[in-house]
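Student: Submitted below is the structure of interest, expressed as structure tokens.
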Amino acid sequence: MLLLIPVIACVLFLKPLDAGAQEVVTGLPANDSVRIALDSINWRTELPPDSLQAVKSGKPQKKKSAISSKVEYSATDSISLDLESQKVYMYRDADIKYEKIHQKAAFIEIDFNTNLLKARPLKDSLGNNYGKPEFVEGDQSFVSEEINYNFKSTKGLIKNVITKEGDGYLHGEVVKKMEANVSNMRHGAYTTCNLDHPHFSIQFTKAKVIPNNKIVTGPAFLTIEDVPLPLVLPFGLFPNKRGQTSGVRIPTYGESANRGFYLENGGYYFGINDYMELYLLGDVYSRGSWALKPQFNYRKRYKFNGSFNFSYAINTEGIRETSSFKRNRDFRLAWNHSQDPRARPKSRFSANVNFVSSQYNKYNPTTTQDLLTNTFQSSISYQTTLFRDKISFTSALSHSQNTSNKMVNLTLPNISVSANRFYPLRKPGKTTNLKWYDNISVNYSMSARNEVNIADSMLFRPQMVDAFRNGMQHKIPVSSSVKILKYFTLSNTFDFTERWYSRSVSKSWINDTLWSGESYKVGYIKTDTLDGFKAGRDFSFTSSLNTTLYGMLQFKKGPVRAIRHVVRPSVSMSMRPDFGKSSFGYYREVQSDTLGNMQRYSVFGSGSDYAPLFGSPPDGRSGRVSFSIGNNLEMKVRSKSDTVTGMKKVMLIESFSIGTSYDLARDSLQWSVVNISARTTLFKKLQIQYSSIWDPYVITETGRRLNQFEWDKNHRLLRRDNTAWNFSMRYDFTSGKKKSQAPRSASSAEARTEMENFQQNPQQYIDWNNPWNLGISYNLNYTGRNLPSTGTVKSEVIQTLGFNGDVSITPKWKFSMQSGWDFKLNKLSHTSVNVYRDLHCWEMRFNWIPIGYYKSWNFYIKVKASVLQDLKLNRKKDFRDN
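Here the sequence shown is numbered in UniProt numbering, starting from 1 and rising by one per residue.
Printed below as a string of structure tokens:
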């Protein structure tokens, strides 16, 4: 195992070294590493007595060495060689590296006659051992009290060893190392605790360890804090294969008041390969409920990763053959896929699917968020660029549903194509001395959708196909922008829009009686949906003039040094012809009652009829002039934290805008309402938003506007129609340390387990970096609307208050809570209390929801390591038992 140089051998013939020598007489320091070939040393030059070939040749024969590779060795105290017995002694921090073997110890002895290496610790001046032997061979490593190793046969005898096997640790009193790294162990234990004296272990009398395969033991029993439990197994079998391995997943057992005895989340795990894994899990209840929950995970580094989950459950309630008995079929489909940006920089595919039946989360929730959520959304999209990044293409499938009203909206698919802005009249490469026509630009965009909005009970039925709506829209804007008098910007835009639909609407008056559900109705309008291509086109022209004005007020003294006011006035005019003329064919009239009154309708549909996805060409001409003024106000004050300028900006009003318009094409009610909105933030936490609508015209008691100004009747410019205020605040009180969002990645098994737990359920992640944290959120929304019938204001106030926080009572105890106050019901909203105890290799959790429909509690104590995740105790009262 050790390599020596011929110079050392020659010196030793002249002066043997004592085993306790403090330095080597080679002239080299003892702690220098040396690389030489052991085969170059002639340890034995006498004639072998039993070698006839050596006698015939007349030459002495060298003994073949067991070492054929180079060795690195060092010792900080001394290296002593005994050529007579052919032994080497290394003292203090002895270190040997040979091929895949790395041996460290306080003392190492090598016998070249027997090819035996011995390593053991030494005692210090106080009689304490130091420098326990540490052995590493490939992926295998261990620490022991004594090692005897034959480097020729690769066998050895090890005493009081602790070795890491996969995610666990093996403790053995005596270990015999066999060929192929197979080990036989006597009087040992298996544990996932990394302490020399573990908190718990599965002890056995004998075992066989097959690297990267399994650990097989004889009779085994569980010991916690050195107390053996009456749980004896005839044998033990522990997976020891690195990477993925298949196996049975033990279910959680218990009893539910409504469902009976149960086994949950039991099944089988398939470690398919390094890129894919499959869980086949399920639940079963003694009163008839059951569920299947397969889960497929996949990952390819620098390419993509994702997971696919599907759950199908039969949920029963009550007693069979009674009116209280219910049986529901529920399902959940979830798919998440993300692509690494480096895989295909010019294209991207992503998926986030979360589709559930309306009752699924009532019986089969996985997180608290599932319990409190009644809206779910999904999206599958693909984006790419074409023709040297000049055209962008996006295709998406989307879904949204509300489990309260049981309505589902599906978009299959939504396609959009857009071309980059280009300047048809500008010479290629020209960037200076631009003329007005050089700034004329053209864009193109296309959108196509096929969607349906239907009750979830009608999904995947023939009626669903007839309920689909589809269409395509093309938009071509031509725009230009020029400077006027250096300070004004004049922008002109011509918009052309074309809509394509596969269906149209035709209405006709039927002079017959119809039962309306309560009585007979004489005459009705019949609406027919006609299949066939139908196109609608419209265009408009818009011109706008805007500028920016700055006002500054400076102060020489005081903490406030300046106040700046920014005003952005804008005037625009838009013109559009009347596309409701009969020559366009977009609008028709139909009789609406028995008196012969006529009703105007769009052939593309509207309202509860077959409503078009992209609307219809507008009816009536328009010549609208719009006015708007935007403002913001900020001041500059002293700042001790800014050491460069000594000043900081404080925003007083982030936005304050007023806008209205005047329609030249109308003969009455030409002014529109005045919209006023404002937004600001106080103390960096309190956000304030204001909006109101003011009407210049008089309104009747029924709410109809008259062509009469408020000034003429009530001597006021505007009448307030409605007002809305919104105050929202979120404040976090912390201990001053930055709150961690996720565990830091590390190579240890504990860190990997922590990272996996965070990714699977972030709500259960415990942040030990923050001793305490408290978050408070408050939202106040006020709306007031004038009632013309009574002359009063109908106001409504909605308040929500939420708070959450956690505190580390001790370095191992964590307490957390989240709750809120319902101002409408004057009681606490959903409340959750959690207690966590870190027990080193174990953990304890207690979750309690004290009030509400989801009133429940859950307590468990279990081993942290995933390899023994079924070694746990779980007790709970389920909310479904309420």
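In this text, a Cβ means the ideal position worked out from N, Cα and C, and glycines have one as well. Predicted model only: the values in this text are computed from it and were never measured.
What residue ranges within the region 91-131 form continuous beta strand (DSSP E) runs of no fewer than 3 residues, ordered along the chain?
Tutor: As far as the region 91-131 is concerned, its whole beta strand (DSSP E) runs of at least 3 residues are 101-111, 116-120.
Student: Which of helix, strand or coil does DSSP assign to VAL465?
Tutor: Correct three-state label for VAL465: helix.
Student: Assign ARG499 to buried or exposed, taking buried as 16 or more other Cβ atoms, counted over all protein chains shown, within 10 Å of its Cβ.
Tutor: The residue in question, ARG499, is buried, as its Cβ has 16 or more Cβ neighbours within 10 Å.
Student: If you count every other CB in all the chains shown that lies within 10 Å of the CB of VAL209, and 16 or more means buried, which is it?
Tutor: Counting Cβ neighbours within 10 Å, VAL209 comes out buried, since at least 16 surround it.
Student: Whose CA, out of ASP330, ASP538, ASN328, lies closest to the CA of ASP495?
Tutor: That would be ASP538, whose Cα lies nearest to the Cα of ASP495.
Student: Just to confirm, is the Cβ distance from ILE688 to TYR731 under 9 Å?
Tutor: Going by C-beta atoms, ILE688 is not nearer than 9 Å to TYR731.
Student: What are the residues that DSSP puts in a beta bridge with GLU321?
Tutor: None, per the DSSP bridge assignment.
Student: What's the call for PHE112, buried or exposed, on a 16-neighbour Cβ count within 10 Å?
Tutor: Per the 10 Å Cβ criterion, buried.
Student: Would you kindly check if the distance between the Cβ of PHE235 and the Cβ of ALA220 is under 9 Å?
Tutor: In contact: ALA220 and PHE235 (Cβ atoms closer than 9 Å).
Student: Restricting to runs no shorter than 3 residues, where is the beta strand (DSSP E) found entirely within the region 302-387?
Tutor: Whole beta strand (DSSP E) segments, 3+ residues: 304-317, 326-339, 347-356, 375-386.
Student: Can you tell me which of LEU490, ARG568, ILE510, VAL566 puts its alpha carbon nearest to the alpha carbon of THR542?
Tutor: Comparing Cα positions, the closest option is LEU490.
Student: What does the alpha-carbon distance come out to for the pair residue 883 and ARG638?
Tutor: Residue 883 lies beyond the range of the chain shown here (1 to 882); nothing can be said about it.
Student: Between which residues of its own chain and LYS155 is the CB-CB distance below 8 Å, once the five residues before and five after are set aside?
Tutor: Hits under 8 Å: TYR149, LYS176, LYS177, MET178, GLU179.
Student: Could you check where the beta strand (DSSP E) with GLU173 kicks off and where it finishes?
Tutor: That run of the beta strand (DSSP E) goes 168-177.
Student: Taking the CB atoms as reference points, tell me whether THR384 and LEU397 lie closer together than 9 Å.
Tutor: Going by C-beta atoms, THR384 is not nearer than 9 Å to LEU397.
Student: Can you check DSSP and say which residues form a bridge with ALA589?
Tutor: What sits at residue 589 in the sequence shown is Glu, not Ala. Per DSSP, ARG600.
Student: Going by C-alpha to C-alpha distance, which of LYS104, PHE803, ILE861, GLU84 sits closest to THR76?
Tutor: Checking every option, the nearest Cα to that of THR76 belongs to LYS104.
Student: Taking all protein chains shown into account, do 16 or more other C-beta atoms lie within 10 angstroms of the C-beta of GLY607, making it buried, or fewer, making it exposed?
Tutor: Answer is exposed; the Cβ neighbour count stays below 16.
Student: Can you look up LEU774 in the DSSP assignment and give me helix, strand or coil?
Tutor: Reduced to three states, the DSSP call for LEU774 is strand.
Student: Assuming ASN714 is part of the alpha helix (DSSP H), what are its boundary residues?
Tutor: That run of the alpha helix (DSSP H) goes 710-714.
Student: Would you call the region 552-569 and the region 509-523 in contact, with 3 or more CB pairs under 8 Å?
Tutor: Contact between the region 552-569 and the region 509-523 is absent, because fewer than three Cβ pairs lie under 8 Å.
Student: Put TYR853 into one of helix, strand or coil per three-state DSSP.
Tutor: Correct three-state label for TYR853: coil.
Student: Just the Cα atoms here: how many angstroms apart are LEU3 and TYR73?
Tutor: Reliability of the predicted coordinates at LEU3 is poor, the pLDDT of 32 falling under 50, and no value is obtained from them.
Student: Mind checking which residues open and close the beta strand (DSSP E) that includes PRO413?
Tutor: Looking at the DSSP string, the run of the beta strand (DSSP E) that includes PRO413 is 407-422.
Student: For LYS214, which residues in the same chain have their Cβ closer than 8 Å to its Cβ, ignoring the five residues on either side in sequence?
Tutor: Within the same chain, LYS214 has close Cβ partners LEU237, PHE238, PRO239, ASN240, LYS241.
Student: I want to know whether the region 689-696 touches the region 664-679 - three or more CB-CB distances under 8 Å.
Tutor: Enough Cβ pairs lie closer than 8 Å, so yes.
Student: DSSP state of SER866, grouped into three classes?
Tutor: In the structure shown, SER866 sits in a helix (DSSP, three-state: H, G or I).
Student: Got a sec? Which residues, its chain only, sit under 7 Å from ASN402 by beta carbon, not counting five neighbours each side?
Tutor: Once the five neighbours on either side are set aside, the close Cβ partners of ASN402 are ASN374, THR375.
Student: Spatial neighbours of LEU549 within its chain, please: C-beta separation below 6 Å, excluding the five flanking residues on both sides.
Tutor: Correct list, in chain order: VAL567.
Student: Expressed to the nearest angstrom, what Euclidean distance is found between the alpha-carbon atoms of SER819 and ALA455?
Tutor: In a straight line, the C-alpha of SER819 is about 33 Å away from that of ALA455.
Student: Determine, using beta carbons only, whether LYS303 and ASP340 come nearer to each other than 9 Å.
Tutor: A contact, by the Cβ cut-off of 9 Å.
Student: Just confirm the distance between the C-beta atoms of ASN714 and SER692, as a whole number of angstroms; I'd bet it's less than 8 Å.
Tutor: Contact flag wrong, Cβ pair sits at about 18 Å.
Student: Just to confirm my understanding: we take HIS840, look at its own chain, exclude 5 residues before and 5 after, and list those with CB closer than 7 Å. What are they?
Tutor: Correct list, in chain order: CYS193, HIS199.
Student: Can you say whether TRP768 is buried or exposed, counting buried as having 16 or more other CB atoms within 10 angstroms of its CB?
Tutor: TRP768 should be labelled exposed.
Student: Taking 7 Å as the limit between beta carbons, can you name the residues of its chain near ALA419, skipping five residues before and five after?
Tutor: Taken in chain order, the residues that qualify are LYS390, ILE391, ASN443, TYR444.
Student: Expressed to the nearest angstrom, what Euclidean distance is found between the alpha-carbon atoms of ASP18 and SER80?
Tutor: Residue placement at ASP18 is poorly supported in this model, since its pLDDT is 37, which falls under 50; the coordinates still yield a value, given next. So the alpha carbons of these two residues sit roughly 7 Å apart.
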